[in-house]
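Shown next, in structure tokens, is the structure this report addresses.
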Amino acid sequence: MANLQLKAIKKSYDNVNVIHGIDLEIKDGEFVVFVGPSGCGKSTLLRMIAGLEEITQGHLLVDGVDMTHQPATERGIAMVFQSYALYPNMTVRGNLSYPLEVSKRPKAEIKQRVELTAQKLHLNELLDRMPRALSGGQRQRVAIGRAIIREPRIFLFDEPLSNLDAELRLEMRIEIAKLHESLGNTMIYVTHDQLEAMTLADRMVVLRQGVIEQVGAPLALYHNPDNMFVAGFIGSPRINFMAADVVATTVGQVQLRIEELAIDSLIMTVQQRLNEGEKVWLGVRPEHFVSADGADCHFSSTLTFAEHLGHTNYLYVDYDQEKTLVIEQRELEKHTNGDSVTFGINAQQSLLFAQSGERIR
Numbered sequence: 001m002a003n004l005q006l007k008a009i010k011k012s013y014d015n016v017n018v019i020h021g022i023d024l025e026i027k028d029g030e031f032v033v034f035v036g037p038s039g040c041g042k043s044t045l046l047r048m049i050a051g052l053e054e055i056t057q058g059h060l061l062v063d064g065v066d067m068t069h070q071p072a073t074e075r076g077i078a079m080v081f082q083s084y085a086l087y088p089n090m091t092v093r094g095n096l097s098y099p100l101e102v103s104k105r106p107k108a109e110i111k112q113r114v115e116l117t118a119q120k121l122h123l124n125e126l127l128d129r130m131p132r133a134l135s136g137g138q139r140q141r142v143a144i145g146r147a148i149i150r151e152p153r154i155f156l157f158d159e160p161l162s163n164l165d166a167e168l169r170l171e172m173r174i175e176i177a178k179l180h181e182s183l184g185n186t187m188i189y190v191t192h193d194q195l196e197a198m199t200l201a202d203r204m205v206v207l208r209q210g211v212i213e214q215v216g217a218p219l220a221l222y223h224n225p226d227n228m229f230v231a232g233f234i235g236s237p238r239i240n241f242m243a244a245d246v247v248a249t250t251v252g253q254v255q256l257r258i259e260e261l262a263i264d265s266l267i268m269t270v271q272q273r274l275n276e277g278e279k280v281w282l283g284v285r286p287e288h289f290v291s292a293d294g295a296d297c298h299f300s301s302t303l304t305f306a307e308h309l310g311h312t313n314y315l316y317v318d319y320d321q322e323k324t325l326v327i328e329q330r331e332l333e334k335h336t337n338g339d340s341v342t343f344g345i346n347a348q349q350s351l352l353f354a355q356s357g358e359r360i361r
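Here UniProt numbering is used: the first residue of the sequence shown is 1, the next is one more, and so on.
Following this line, the structure appears as structure tokens:
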């Protein structure tokens, strides 16, 4: 197990800057997940930690020891790749034992560690198979086993489940969570899958264009985002953003008008000072729309499409001509396109953002 510190880490390719000064501490035994849109730098950052990409500027410390310029083999870090990266001409046993053979470990020790690793990952019956004879989930378990057998201080996972189908992803997600619980190692995991991030992470690191937007526990980021980007990125279906105007202010409160929904009396509690006439964004997650009864305000609109999923409904209703609102309705009543539907908004469950995108608290 190990503590990892990134201090002012930057990465450039020629004159193109891709990582713009990352400061982050990952505690001993923590499971941290990097998330963000494609091209945000999450895999590049992971490869810099692993030693597979050179750090242009800044320092990387493992347990207080500067590893910035140390080769990958001396960092005590093991990486599991998206593509499995198994040796096709070796059996499962050979793939597991190879890292120890390269390190010239005694044969008895190699045999014992291969058996223990295989037992831990339920690979005992597969030890004499070739990779081509394995399913995707089995190959991924072998790839994880090859990392475990080295007994690294830190595990890195680069989108390890993206090649698997939905059912296998669920199984492997549970296996990785159990693995972290049993080993207790520091783990860093890159994914574009929010479900993986929300269920696995102790903390999530949300990246955009090579900078950290916010770090926190999954539910903290979901319920208390710092800006519109984090609010919009975390959650599926994504949060609804509605343009609003401040029509009146008092100490600690503002009154909002949402013209497209014919709402002019939504009162919200705020800590910072806003001005009459100021334009803001109101954010409401699909599950936070409520029935009109007892809501702070309500609106009616036309249903354009409905997804009936059995356990819940997602309703898409007209908003601002070119846009739609996504509303989750747990009551399993059937709706038809073109129906008029009425829903309410509660201020306490809504989020407010400035025109710049920053959170208004």
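Here a beta-carbon is modelled for each residue, glycine too, at the ideal position from N, C-alpha and C.
**Study point:** Length of the line joining the Cα atoms of Val211 and Gly58
**Key:** Answer to the nearest angstrom: the Cα atoms are 14 angstroms apart.
Practice item. Count the other C-beta atoms from every protein chain shown that fall within 10 angstroms of the C-beta of Ser97, then say buried if there are 16 or more, exposed otherwise. Key: Counting every other CB atom within 10 Å of its CB across the protein chains shown gives Ser97 a total of 16 or more, marking it as buried.
Point to revise | Cβ-Cβ distance between Phe34 and Val190 below 8 angstroms | key: Going by C-beta atoms, Phe34 is nearer than 8 angstroms to Val190.
Exercise for review: Name the one or two DSSP bridge partners that Thr279 has.
Suggested key: Note on identity: in this sequence residue 279 is Lys, with Thr being the wrong assignment. Partner(s): Asp245.
Exercise for review: Just confirm the distance between the C-beta atoms of Val205 and Leu24, as a whole number of angstroms; I'd bet it's less than 8 angstroms.
Suggested key: About 7 angstroms separates the two Cβ atoms, so the contact holds.
Practice item. Could you tell me whether the segment 45-55 touches the segment 211-220, where touching means 3 or more Cβ pairs closer than 8 angstroms? Key: With contact defined as three or more Cβ pairs closer than 8 angstroms, the segment 45-55 and the segment 211-220 are not in contact.
Practice item. Examine the Cβ distances between the segment 225-241 and the segment 337-353 and report whether three or more of them are shorter than 8 angstroms. Key: A contact exists between the segment 225-241 and the segment 337-353.
Point to revise | Reduced DSSP category for Asn89 - H, G, I as helix; E, B as strand; rest coil | key: DSSP places Asn89 outside both helix and strand once states are collapsed to three, so it counts as coil.
Exercise for review: Could you name the residues that DSSP lists as bridge partners for Cys297?
Suggested key: BP columns for Cys297 point to Ile345.
Check your understanding: Just the Cα atoms here: how many angstroms apart are residue 391 and Val326?
Key -> There is no way to answer for residue 391, as the model of the chain reaches only from 1 to 361.
**Study point:** Through-space distance from Pro160 to Ala133, alpha-carbon basis
**Key:** Going by the C-alpha atoms only, they are around 19 angstroms apart.
Check your understanding: Roughly how many angstroms separate the alpha carbons of Ser43 and Met79, rounded to a whole number?
Key -> Distance between the alpha carbons of Ser43 and Met79: 12 angstroms.
Review point. Taking just the CA atoms, how far does Tyr316 sit from Thr336?
Key: Distance between the alpha carbons of Thr336 and Tyr316: 11 angstroms.
Review point. Do the CB positions of Leu52 and Leu6 come within less than 8 angstroms of each other?
Key: Not a contact, by the Cβ cut-off of 8 angstroms.
Point to revise | Beta-carbon contacts of Leu100 that lie in its chain and below 6 angstroms, excluding the five residues immediately before and after | key: Cβ within range, chain order: Ile110.
Point to revise | Helix, strand or coil at Ala292 [DSSP, three-state] | key: In the structure shown, Ala292 sits in coil (DSSP, three-state: anything other than H, G, I, E or B).
Review point. So what does DSSP say about Thr44, is it helix, strand or coil?
Key: Thr44: helix per DSSP, three-state reduction.
Point to revise | DSSP beta-bridge partners of Ile49 | key: Per DSSP, none; premise fails for Ile49.
Exercise for review: Give the range of the alpha helix (DSSP H) segment to which Ile174 is assigned.
Suggested key: Here the alpha helix (DSSP H) through Ile174 covers 166-183.
Point to revise | Coil, strand or helix - Ser350 by DSSP | key: Ser350: coil per DSSP, three-state reduction.
Check your understanding: Count the other CB atoms within 10 Å of the CB of Phe155; is the residue buried (16 or more) or exposed (fewer)?
Key -> Flag for Phe155 reads buried.
Check your understanding: Quick one: is Gln253 buried, meaning 16 or more other Cβ sit within 10 Å of its Cβ, or exposed?
Key -> A residue is called buried once 16 or more other Cβ atoms fall within 10 Å of its Cβ, and Gln253, having fewer, is exposed.
Practice item. Give the DSSP-derived three-state secondary structure of Ile148 in the structure shown. Key: In the structure shown, Ile148 falls within a helical segment according to DSSP collapsed to helix, strand and coil.
Check your understanding: Among Gln140, Thr302, Ile55, which residue has its Cα nearest to the Cα of Asp165?
Key -> Nearest neighbour of Asp165 by Cα position, chosen from Gln140, Thr302, Ile55, turns out to be Gln140.
Check your understanding: When DSSP builds the beta bridges, which residues end up paired with Leu4?
Key -> Per DSSP, Ile26, Val62.
**Study point:** Three-state secondary structure (DSSP) of Phe155
**Key:** Strand, per DSSP.
Review point. Roughly how many whole angstroms lie between the Cα atoms of Glu175 and Val246?
Key: Approximately 49 angstroms between the Cα atoms of the pair.
Point to revise | Cβ-based neighbour list, His69, same chain, cut-off 7 angstroms, excluding 5 preceding and 5 following | key: Annotation for His69: no residue places its beta carbon closer than 7 angstroms to its own, counting only its chain and skipping 5 residues before and after.
Check your understanding: So, helix, strand or coil for Lys334, using DSSP?
Key -> Lys334: coil per DSSP, three-state reduction.
Review point. Apart from the five residues just before and just after Lys10, which ones in its own chain have a Cβ nearer than 6 angstroms to its Cβ?
Key: For Lys10, the CB contacts under 6 angstroms within the same chain, skipping 5 residues up- and downstream, are Ile19, Gly21, Thr56, Gln57, Gly58 in chain order.
**Study point:** Best match in Ser38, Ile267, Trp281 for proximity to Arg208 [C-alpha to C-alpha]
**Key:** Considering only alpha carbons, the answer is Ser38.
Check your understanding: Would Asp28 pass as a contact of Thr186 if the rule is Cβ separation under 8 angstroms?
Key -> The beta carbons of Asp28 and Thr186 sit closer together than 8 angstroms.
Review point. Is DSSP giving residue 426 helix, strand or coil here?
Key: In the structure displayed, the chain extends from 1 to 361; residue 426 sits before or after that span and is not available.
**Study point:** Cβ-based neighbour list, Ser236, same chain, cut-off 6 angstroms, excluding 5 preceding and 5 following
**Key:** The beta carbon of Ser236 sits closer than 6 angstroms to those of Gln194, all from its chain and outside the five residues before and after it, given in chain order.
Practice item. Identify which residue in Asp339, Glu151, Met90 has its Cα closest to the Cα of Glu74. Key: For Glu74, the nearest C-alpha among the options comes from Glu151.
**Study point:** Range of the contiguous alpha helix (DSSP H) that encloses Gly232
**Key:** Per DSSP, the unbroken alpha helix (DSSP H) holding Gly232 starts and ends at 228-233.
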